[in-house]
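Input: a single structure, listed below in structure tokens.
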Amino acid sequence: MITPKADPAEELTARAYQLRCEVIEMTNRAGSGHAGGALSAAEIVALLYWHVMRIDPARPGWEERDRLVLSKGHCALVVYAALAHRGYFDPAVLATFRKLGSILQGHPDFRKTPGLDMSSGSLGQGLSVGLGMALAARQAQRDYQVYVLMSDGELQEGMSWEAAMAASHYRAGNLTAIVDRNNLQVDGLVDQVMGIEPLADKWRAFGWHVLEVDGHDAAALLSAAEQRRAHADERPWVLVCRTTKGKGVSFMENSMEWHSGKLSPEQYAQAMAELRPRAGRFGAPAVPQTD
Amino acid sequence: MTHTQTIGSFFDGTLEDPRFAFMEELIRIAEDDDRVVALDADTSRRNLTRRFRDRFPDRFWDMGVAEQNLMGTTAGLAAAGRIPFAFAFAVFVSMRAVEPIRTSICYPRLPAKMIGAFAGLSNGKDGATHQSIEDISIMRSFPNLVVLSPSDSVLSAKIARAAYEHPGPVYIRMEHEETPVIHDPAEPFTIGRGYLVREGRDVTLATYGIALARAVGAATALAATGIDVEVLDMPSLKPFDADLLLASVRKTGALITLEDHSVIGGLASISSEALVKAGYVPRFRALGIQDEFTESGNSDELRVKFGVDVSAVVRAAHELTTSPRQ
């Protein structure tokens, strides 16, 4: 079947909803998992894996590849979905998420999952790791880029700011942080639990280029990525993406109850009914509904 | 393979601080392999990483007073194919930076090498805040991590190379203090193997790090009183040479462990675990810091106060050899 060439923004959005469908499938099958923050990051992850990162799924260990450190490791499921649909492994494997013996651990284990560039899950460590990769690229005279996807809550970890300080000090212009600014953490609103604003000013004060963007607006994300690419210098970049936790599933949106949790059969059916039509030509379920 | 040495060659008057030999060897390694890089946390003068920086300016990063970021960055360098050697005070490596080490280095089994400086009582005058008496206990609990402690400058150079050649993470406990050169440069070092330094029949005296010189000194003193001490140097705390320890203890029936470290989780614990696992319980004295915080003072004064000096070993050996045999 010949498909007309899609508009990149529409394509990105459809991919994001495909990833959201998989997030719900995985959460439903595992009976647990961090759906909320995975749903908020779907466009960001689709942007990176389909529009930005220089990668080759046939060669996960390719030295010249761009790297992603998923510092908000609890949202592994949306990255697993991207890796599967990008061709690193069979999407049927997504059904094993969080199960004993699976290559898809509750938090990322790059020794187990093809396509992951780092193990992660303890919040606050990822930007340091990304900095190390960025310095390694320079020392090895390679031109790859390093991306670090962070949650807003993890910016409460002091180590994040140690890394922010060091990245500008060492002029890590090949490093990009992306903050999934969904303003929800386990105990409530980030602004109420432990405020992190003025966030853009904080990054600027640490010597970073800052872009603020709607993290669900595909065209805006593509434009931000292009702006970052076109203005590469010796300073690291941060994209602060304003997002909605639980995005795309009405009863999960902006709900702190859905940081993690288990779906009822009715909730699962409703979530899929809301998400699947928006996935366009990627909307077909990848795996059967039962194990 | 057991490494045997004679006691006659021991104290020829040469005292060397093991950190110098370590850095000289690391620079030699780095000359041949440009994947080798180094980092420090505002201790580059004391750790001699400035020498590395001066030789390889684009392969060294001082991360400032930020040990967590030091180890996170080290993890990223290792994940991207570099072989980083990260230096900081042992107290801060093993405590401030411990979770990045556990989760971002040990769990992904990355080839990062962490050097804990001024370990044990070698930073005497700074007091308890800077004396690392828990690092082995903490570090040896992590899967994939090799834990090493050089006892002199010969071993410290060999350990630098062994750490480089080992494909996974390594923690190296460095005591910054001049100490006699005891090991024979011709003897190989192998991760997981200890050294039979002096043969004896009455008591096994097991140790590691620069306490080895005190162990040898105590053995010499005890020989004059008719107690024949077998001295073991156990630089590989993990993996541990349980076979060497067991063979010795089965022969002597008595064990003294000597360490500038807490008896909780250090060689006293490691030995106890190995002996109980083997179903053999000898007469036993654990010399080390007895579950208390230390204080400021000259390093040797502290060793007397906390019972890890030569005379403490001599007392313990007399107690063990006069107590009834099991």
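From first to last, the protein sequence lines are chains A and B. Okay, so the first sequence: first residue is 43 according to my numbering, each after it adds one. Okay, so the second sequence: first residue is 650 according to my numbering, each after it adds one. Just so it is clear, CB atoms sit at the ideal spot from N, CA and C, and this is done for glycine as well.
For residue i, which residues in the same chain have their Cβ closer than 6 Å to its Cβ, ignoring the five residues on either side in sequence?
{"i": "Leu165(A)", "result": "Glu196 and Glu199"}
{"i": "Cys336(A)", "result": "This structure gives no information on residue 336(A), because the portion of chain A shown stretches from 43 to 333."}
{"i": "Asp49(A)", "result": "none"}
{"i": "Phe671(B)", "result": "Ser805 and Ala809"}
{"i": "Lys301(A)", "result": "Here the sequence assigns His to residue 301(A), which means Lys is not the residue at that position. Answer for His301(A): Gly78 and Val228, listed in chain order."}
{"i": "Gly914(B)", "result": "Ser786"}
CB of residue i to nearest heavy atom of the ligand ATP: below 7 Å?
{"i": "Lys47(A)", "result": "With respect to small molecules bound, the structure shown includes none, and the ligand ATP cannot be examined in it."}
Just the Cα atoms here: how many angstroms apart are residue i and residue j?
{"i": "Arg842(B)", "j": "Gln269(A)", "result": "56 Å"}
{"i": "Val714(B)", "j": "Ala735(B)", "result": "13 Å"}
{"i": "Glu836(B)", "j": "Ala806(B)", "result": "12 Å"}
{"i": "Gln939(B)", "j": "Phe889(B)", "result": "22 Å"}
{"i": "Ser658(B)", "j": "Pro829(B)", "result": "At Ser658(B) the pLDDT is 42, less than 50, meaning the model places this residue with poor confidence; the figure from the coordinates comes in the next sentence. Near 11 Å, if we compare the C-alpha coordinates of Pro829(B) and Ser658(B)."}
{"i": "Phe942(B)", "j": "Arg952(B)", "result": "13 Å"}
{"i": "Asp851(B)", "j": "Leu924(B)", "result": "18 Å"}
{"i": "Ile676(B)", "j": "Ala746(B)", "result": "25 Å"}
{"i": "Arg140(A)", "j": "Val120(A)", "result": "13 Å"}
{"i": "Phe705(B)", "j": "Gln181(A)", "result": "11 Å"}
{"i": "Gly866(B)", "j": "Ser786(B)", "result": "26 Å"}
{"i": "Ala178(A)", "j": "Arg96(A)", "result": "17 Å"}
{"i": "Thr778(B)", "j": "Val740(B)", "result": "8 Å"}
{"i": "Asp711(B)", "j": "Pro816(B)", "result": "24 Å"}
{"i": "Tyr91(A)", "j": "Trp104(A)", "result": "15 Å"}
{"i": "Ser743(B)", "j": "Pro749(B)", "result": "10 Å"}
{"i": "Ala690(B)", "j": "Ile238(A)", "result": "27 Å"}
{"i": "Lys926(B)", "j": "Val87(A)", "result": "50 Å"}
{"i": "Ala123(A)", "j": "Thr285(A)", "result": "19 Å"}
{"i": "Ala315(A)", "j": "Ile754(B)", "result": "42 Å"}
Residue range of the alpha helix (DSSP H) that residue i falls in?
{"i": "Asp39(A)", "result": "The requested residue 39(A) does not occur in the structure, where chain A is confined to residues 43 to 333."}
{"i": "Tyr122(A)", "result": "Ala118 to Arg128"}
{"i": "Arg57(A)", "result": "Pro50 to Ala72"}
{"i": "Ala812(B)", "result": "Ser802 to Glu814"}
{"i": "Ala313(A)", "result": "Pro307 to Leu317"}
{"i": "Val87(A)", "result": "Ala84 to Leu89"}
{"i": "Arg270(A)", "result": "Ala260 to Ala272"}
{"i": "Gly701(B)", "result": "Contrary to the premise, residue 701(B) reads as Phe rather than Gly in this sequence. Start and end: Thr698 to Arg704."}
{"i": "Gln717(B)", "result": "Glu716 to Ala728"}
{"i": "Leu861(B)", "result": "Ala860 to Ala873"}
{"i": "Met236(A)", "result": "Met236(A) -> no alpha helix (DSSP H), and no H or E assigned at all."}
Mind checking who residue i pairs with in its DSSP beta bridge?
{"i": "Arg765(B)", "result": "It is Gly, not Arg, that sits at residue 765(B) in the sequence shown. Bridge partners of Gly765(B): Ala737(B) and Arg822(B)."}
{"i": "Ile905(B)", "result": "Leu854(B) and Arg934(B)"}
{"i": "Ala219(A)", "result": "Val190(A) and Val280(A)"}
{"i": "His251(A)", "result": "Trp279(A)"}
{"i": "Val796(B)", "result": "Tyr820(B) and Lys887(B)"}
{"i": "Thr828(B)", "result": "Glu665(B)"}
{"i": "Val880(B)", "result": "Arg847(B) and Leu854(B)"}
{"i": "Gly230(A)", "result": "Gln227(A)"}
{"i": "Val686(B)", "result": "Pro733(B)"}
{"i": "Phe709(B)", "result": "Ala687(B)"}
{"i": "Ser911(B)", "result": "Ile938(B)"}
{"i": "Asp256(A)", "result": "Arg284(A)"}
What residue range is occupied by the uninterrupted beta strand (DSSP E) comprising residue i?
{"i": "Arg101(A)", "result": "Segment: none, Arg101(A) is in no beta strand (DSSP E) and carries neither H nor E."}
{"i": "Lys954(B)", "result": "It is not in any beta strand (DSSP E) - Lys954(B) instead sits in the alpha helix (DSSP H) that spans Ser948 to Lys954."}
{"i": "Ala777(B)", "result": "Here Ala777(B) belongs to no beta strand (DSSP E), and DSSP marks it neither H nor E."}
{"i": "Phe139(A)", "result": "Unbroken run through Phe139(A): none, as it is neither H nor E."}
{"i": "Arg109(A)", "result": "Arg109 to Leu112"}
Can you give the beta carbon distance from residue i to residue j, rounded, assuming they're within the 8 Å contact cut?
{"i": "Ala163(A)", "j": "His116(A)", "result": "It should be noted that the sequence gives Gly, not Ala, for residue 163(A). Indeed, because the Cβ distance is near 7 Å, the residues count as touching under 8 Å."}
{"i": "Leu881(B)", "j": "Leu893(B)", "result": "6 Å"}
{"i": "Leu962(B)", "j": "Arg863(B)", "result": "What sits at residue 962(B) in the sequence shown is Val, not Leu. Confirmed, Cβ separation roughly 7 Å."}
{"i": "Arg625(B)", "j": "Ala965(B)", "result": "In the structure as shown, chain B starts at 650 and stops at 975, and residue 625(B) therefore has no counterpart that could be examined."}
{"i": "Asp666(B)", "j": "Glu827(B)", "result": "5 Å"}
{"i": "His93(A)", "j": "Ala267(A)", "result": "7 Å"}
{"i": "Gly769(B)", "j": "Gly858(B)", "result": "6 Å"}
For residue i, which residues from the same chain have a beta carbon less than 8 Å from its beta carbon, with the 5 sequence-adjacent residues on both sides left out?
{"i": "Asp333(A)", "result": "Its pLDDT being 45, under 50, Asp333(A) is placed unreliably by the model, and the measurement read from it follows with that caveat. So the list reads Arg71 and Ala137, once near-sequence residues are dropped."}
{"i": "Val221(A)", "result": "Met192, Ser193, Asp194, Leu197, Leu241, Val280, Leu281, Val282 and Cys283"}
{"i": "Ser918(B)", "result": "Ser786 and Val912"}
{"i": "His127(A)", "result": "Arg57, Gln60, Leu61, Glu64, Pro133, Phe324 and Ala328"}
{"i": "Pro834(B)", "result": "Val803"}
{"i": "Trp335(A)", "result": "Because chain A is modelled from 43 through 333, residue 335(A) falls outside the range shown and cannot be assessed."}
Can you list, in chain order, the residues of its chain whose CB lies under 7 Å from that of residue i, leaving out five sequence neighbours each side?
{"i": "Ser885(B)", "result": "Leu797, Ile840, Gly841, Arg842 and Gly843"}
{"i": "Ala860(B)", "result": "Leu907, Glu908, Asp909 and Val957"}
{"i": "Gly73(A)", "result": "Lys304"}
{"i": "Arg107(A)", "result": "Arg96, Ile97, Asp98 and Tyr186"}
{"i": "Leu110(A)", "result": "Leu90, Met95, Asp159, Tyr189 and Leu191"}
{"i": "Leu664(B)", "result": "Glu827, Thr828 and Pro829"}
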